[in-house]
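Trainee: Just dropping this structure here.
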Amino acid sequence: MAKANPKHLVTLMEMDAAGILELLHSAVEVKAKFQKMGPSQELQGRSAALIFEKPSLRTRVTFEVAMVQLGGAAIYLSPSQIALGKRETVADAAHALSRWVDVIVARTFSHQMVEDLARYASVPVINALTDKYHPCQALALGQTLLEHKKRLEGLNLVFVGDGNNVANSIAAMAGHLGMNFTLACPRGYEQPEAIQKEINRLFEKKGTSYRTVHEPVAAVANADLIYTDVWVSMGEEGREAEKKDHFQAFQVNEELLSKAPKGCLVSHCLPAHRGEEITDAVMESPACVCFDEAENRLHAQKAVLLALLKK
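Residues in the sequence shown are numbered from 793 upward in steps of one, following this note's numbering.
Right under this line is the structure:
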């Protein structure tokens, strides 16, 4: 599935284009098969441990339902239940869980936590969101683009907002698959420099464009997709007033969408703060595919589970 670390899905950086495309096409096929035939028993008798340090609607529900619809089972582990890294070491928890379950799905504040789980677990580990990356969200977007645009290579993706974990994963996917990526953000909210350098190498290999700009109207002039996310992520609540002030000009609204080409799509990883980073009018417009993407979280994650567990 991946070049460097085929056992886990920690980031999309460590994968290659063929591996990502295989997952995306598998997700499309899994969805079509489910719509025609309903649940399967492909993972009968298999189990997943869901370690969630952060609140979740889409990620938790889609992983639990994915396991059920594939014939398996999921066990949700809240922070108070295991206190990962506090009650016992990450290594010990990873070793113990590996004796009981077939895959560990982890949604943590620290990316290092998922890296450590993958280092010590003898079963696959899936990153369900960290402070650096959200690969499952990017895969769901890739599936959604395939469904709506019928292609990926050459598409222009514009992320309007903070250079955060979702932006990092979408940029990594775009770089691998020959898409162009633009981050439109206020000054000081760019992707971390080390991540920029790592991602930029992917675009240099493909000869595609990877850029950061600070003016949203110019950024969307050739966009095939405008993407956004909340301005204040979990764990940043103390910066709410500061960030809202800086991001006001980066709202995805009808005026901004009118500057993009006809047929440009809009999406959001959700949950959305309507009236802040995106307006009701855009969320409810025909251009918005965020709920298609949310639906595809289920099937893209099924594709990941099947790729990791059906070897």
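Virtual Cβ for every residue (Gly too), placed ideally from N, Cα, C.
Counting only the same chain and skipping the five closest in sequence on each side, list residues whose C-beta sits under 8 Å from that of GLY980.
Mentor: Here the set comprises HIS1038.
Trainee: Quick check on HIS943: does DSSP put it in helix, strand or coil?
Mentor: One point to set straight first is that residue 943 is Arg, not His, in the sequence displayed. Coil, per DSSP.
Trainee: Quick one: is GLY837 buried, meaning 16 or more other Cβ sit within 10 Å of its Cβ, or exposed?
Mentor: exposed
Trainee: Check each candidate in GLY1067, SER914, THR1004 and name the one with the smallest Cα separation from ALA888.
Mentor: SER914
Trainee: Would you call the CB atoms of ILE918 and ASN960 closer than 7 Å?
Mentor: Not in contact: ILE918 and ASN960 (Cβ atoms no closer than 7 Å).
Trainee: Taking CYS747 as the reference, give the member of GLY877, MET905, GLU1069 with the closest Cα.
Mentor: Because residue 747 is not part of the residues shown, which for the chain are 793 to 1103, the question remains open.
Trainee: Once the 5 residues before and after GLY1051 are set aside, which same chain residues still bring their CB inside 7 Å of it?
Mentor: Looking at the sequence provided, one finds Lys at residue 1051 rather than Gly. Excluding positions up to five away in sequence, the list reads VAL1009, VAL1012, ALA1013.
Trainee: Look at the alpha carbon of SER848 and the alpha carbon of LEU1090, and state the distance between them as a whole number of angstroms.
Mentor: 14 Å
Trainee: What's the C-alpha gap between GLY863 and TRP892?
Mentor: For the pair GLY863 and TRP892, the Cα-to-Cα distance works out to about 17 Å.
Trainee: For the alpha helix (DSSP H) containing ILE992, list its first residue and its last residue.
Mentor: Just to set this straight, residue 992 is Asn in the shown sequence, not Ile. Its alpha helix (DSSP H) spans residues 985-998.
Trainee: Does the distance from the CB of HIS926 to the CB of ASN957 come in under 7 Å?
Mentor: yes
Trainee: Would you mind listing the alpha helix (DSSP H) stretches within the segment 1050-1094 that are 4+ residues and don't spill past its ends, in chain order?
Mentor: 1072-1075
Trainee: Quick one: which unbroken alpha helix (DSSP H) runs of 4-plus residues sit fully inside the segment 796-832? Chain order, please.
Mentor: 809-829
Trainee: By DSSP, does ASN1014 sit in helix, in strand, or in coil?
Mentor: coil
Trainee: Starting from THR854 and walking both ways along the alpha helix (DSSP H), at which residues does that stretch end?
Mentor: 850-861
Trainee: To the nearest angstrom, how far is it from the Cα of ASP1016 to the Cα of VAL1074?
Mentor: 15 Å
Trainee: For GLU1007, which of helix, strand or coil comes out of DSSP?
Mentor: coil
Trainee: From which residue to which residue does the beta strand (DSSP E) around ARG899 run?
Mentor: 895-899
Trainee: So, with DSSP's three-state summary, where would you put TYR912?
Mentor: helix
Trainee: Rounded to whole angstroms, how far is the Cβ of SER902 from the Cβ of ASP923, which I believe are closer than 8 Å?
Mentor: 6 Å
Trainee: Would you say ALA1086 and LEU815 are within 7 Å of each other, going by their C-beta atoms?
Mentor: no
Trainee: How would you write the range of the alpha helix (DSSP H) that ASN948 sits in, first residue to last?
Mentor: It is not in any alpha helix (DSSP H) - ASN948 instead sits in the beta strand (DSSP E) that spans 948-952.
Trainee: Quick one: what does DSSP say THR974 is sitting in, helix, strand or coil?
Mentor: Correct three-state label for THR974: strand.
Trainee: So, MET971 versus LEU938, is the Cβ gap smaller than 7 Å?
Mentor: no
Trainee: Just list the residues that DSSP pairs PHE844 with in beta bridges.
Mentor: ARG899
Trainee: If GLU1032 sits next to THR1071, beta carbons under 8 Å apart, how far is it from one beta carbon to the other, in whole angstroms?
Mentor: That belief does not hold up - the Cβ atoms of GLU1032 and THR1071 are roughly 19 Å apart, past 8 Å.
Trainee: At what residues does the alpha helix (DSSP H) containing LEU969 begin and finish?
Mentor: 957-969
Trainee: Determine the burial state of SER1077: buried for a count of at least 16 other Cβ atoms within 10 Å of its Cβ, exposed for fewer.
Mentor: So SER1077 counts as exposed.
Trainee: Alpha carbon to alpha carbon, what distance is there between ALA1041 and LEU869?
Mentor: LEU869 and ALA1041 have their alpha carbons spaced roughly 39 Å apart.
Trainee: For the beta strand (DSSP E) containing VAL882, list its first residue and its last residue.
Mentor: Unbroken run through VAL882 is the alpha helix (DSSP H), 882-890; no beta strand (DSSP E).
Trainee: Would you mind giving the Cβ-Cβ distance between ALA964 and LEU949, rounded to the nearest angstrom? I have them listed as a contact below 8 Å.
Mentor: About 12 Å; that fails the 8 Å criterion.
Trainee: Can you give me the C-alpha to C-alpha distance between PHE951 and MET829, rounded to a whole angstrom?
Mentor: Roughly 36 Å between the two C-alpha positions.
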